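The structure appears right after this line, and notes come after that.
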Amino acid sequence: MPKITRELILFIDAMGISYIILYLFSVKVNILVIPLALLQNGPMITLPIFFIFGIIYGLKREKVNIFKFPTLLSFMLPLIYLIPLTSLNIFGYPETVDWIYYYNWLQHPTVGWFFYSRPLYLLILFVFGIFINHLTLARLEFPPLAFLYVFSAYYLGNTINKGLGPISAFMAGISPMLLTFLYSGLDANLFSISIMFIAISFLIKRKTFPAILLSYVALFSHVYAWAQLEGSILIYILIIYLLKRSIPSHLIKYAIFTAPPFILGVILILTGFFSVPIGDSYSNFYFQTAFLSWGSASAFIYYVISIYGLRGTPRIIYTMIVSSIFASFFLAVVQNLIIDTPLFLPAAIGLSKMRRDLVFLFCYFS
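Using this note's numbering, read the sequence shown as starting at 24 and increasing by one per residue.
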């Protein structure tokens, strides 16, 4: 069967399965109305359908020749987040919106929900606050966190495939995820997932001890972000067991030491100690991806490139992305679930699969 025929049949199957899944969630999609919806609302209205198609498309594996990208340029991108700290910001507007919460906590440290959900991150800030003015510290959080995020993308990319690091870091630096963190001010969240991506790198390398250690650092830095990624890893381990009836020893050790706090967290969520908003509204998905945080997560082309690269993505990363997408259909925190995933990896792989002239065009307009 010709390749284009297979791809067309796969696309039709994916659309059919997407329709059925959405119908099960009481979301009735009229296929004939989609062209009109695209004209009225833009392509982001179809993002859930594209995500489901991407999940099916990514089931197949393929090898990709990685696009060579200059490492220095990847790490120069976060410098743009220093601009608001210069004299160009004549009014001295803060760069993020959450700085006031961290500033108030540094001024009056208290134990409560804000502390319980990110104790280690606040303690790190408290130590720095001994030497740095609290107002300055609260406003300076994001630039170093952006560098850490780009570095974690670089390290994870190189762990998966030698040479993938630079282009992975580049796609992290220009990603809607990092831009949304900037506009949402989710500083502890950004720190936690960056540490977790490095932990996953060690886990892939079968270096269990540093993976467990960094996982706990991520846990105590932001409970919710850690729970999302940790849950994905445990799902991946469970799938391996179901398919092969055996689990590699390094994954067993990791699960033994990190699963208990995850299970405890689930219990605390079910008992209401940690609240998680439930929701399965299609309109909520569209609003959070297209408009929330000033539309910073609205990057349809980026998501399409990520879907295009899913076939070359390692199973553990694929599972992480898929589980987060499915969770976004049930939970109301759609934006958080999407920006916490390492979409920069399939995006880097997807970019590597494209024609070189299109790659340069994409990089130029980025």
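The C-beta atom is built at its ideal place from N, Cα and C for all residues, glycine as well.
In this text the structure is predicted, and so the values were computed from the model without any measurement.
Comparing C-alpha distances from ILE103 to each of LEU257, THR159, LEU158 and LEU201 shows the shortest one belongs to LEU201. Considering only ARG162, PHE193, LEU205 and LEU168, the residue with the shortest C-alpha distance to TYR177 is PHE193. With respect to the 8 Å criterion, GLY186 and ILE78 are not classified as neighbours on the basis of their beta carbons. Look at ILE301 here: in three-state DSSP terms it is strand. Judged by beta-carbon spacing, GLY196 lies within the 8 Å limit of SER97, meaning their Cβ atoms are closer than that value. Look at LEU366 here: in three-state DSSP terms it is coil, with no helix or strand label.
By the C-beta density criterion, THR159 is exposed, having fewer than 16 other C-beta atoms within 10 angstroms.
Remark: C-beta atoms of ILE227 and SER346 do not approach each other more closely than 8 Å. Under the DSSP assignment, ASP210 falls in the alpha helix (DSSP H) whose first and last residues are 210 to 227. Between LEU354 and SER329, the CB-CB gap reaches or exceeds 8 Å. Excluding sequence positions up to five before and after VAL240, its CB lies within less than 6 Å of the CB of ILE218, all in the same chain and listed in chain order.
Taking PHE243 as the centre and dropping the five residues before and after it, the same chain places the C-beta of PRO142 and LEU143 closer than 7 Å to its C-beta, in chain order. With respect to THR281, SER238 sits close: the two C-beta atoms are nearer than 8 Å.
One Cα belongs to SER375, the other to ASP210, and the distance between them is close to 30 Å. Cβ-Cβ separation between LEU213 and LEU252: approximately 13 Å, too far for a contact (criterion under 8 Å). Between PHE74 and ILE348, the CB-CB gap stays under 8 Å. A distance below 7 Å between beta-carbons, with the five flanking residues on each side excluded, links TYR126 to the following residues of its chain, in chain order: HIS157, LEU158 and ALA161.
Only residues of its own chain outside the window of five on either side were considered, and among them PRO271 and HIS273 have a CB closer than 8 Å to the CB of ARG229, listed in chain order. Relative to the Cα of LEU100, the nearest Cα in the group TYR309, ILE147, SER198 and VAL289 belongs to SER198.
The alpha-carbon of ILE292 is positioned some 10 Å away from that of PHE285. LEU163 carries a coil assignment under DSSP once its states are collapsed to helix, strand and coil.
For HIS131, there is no enclosing alpha helix (DSSP H), since its DSSP letter is neither H nor E. When the beta-carbon positions are compared, SER255 and PHE308 stay at least 8 Å from each other. The C-beta separation of GLY332 from ALA278 comes to about 28 Å, leaving the pair out of contact by the 8 Å criterion. Counting only the Cα atoms, LEU315 lies some 21 Å from ILE344. When secondary structure is reduced to three states using DSSP, LEU82 falls in the coil class, being assigned neither helix nor strand. Annotation for VAL240: the continuous alpha helix (DSSP H) segment containing it runs 231 to 244.
Ranked by Cα distance from GLN311, the options SER207, SER175, ASN181 and TRP136 are led by SER207.
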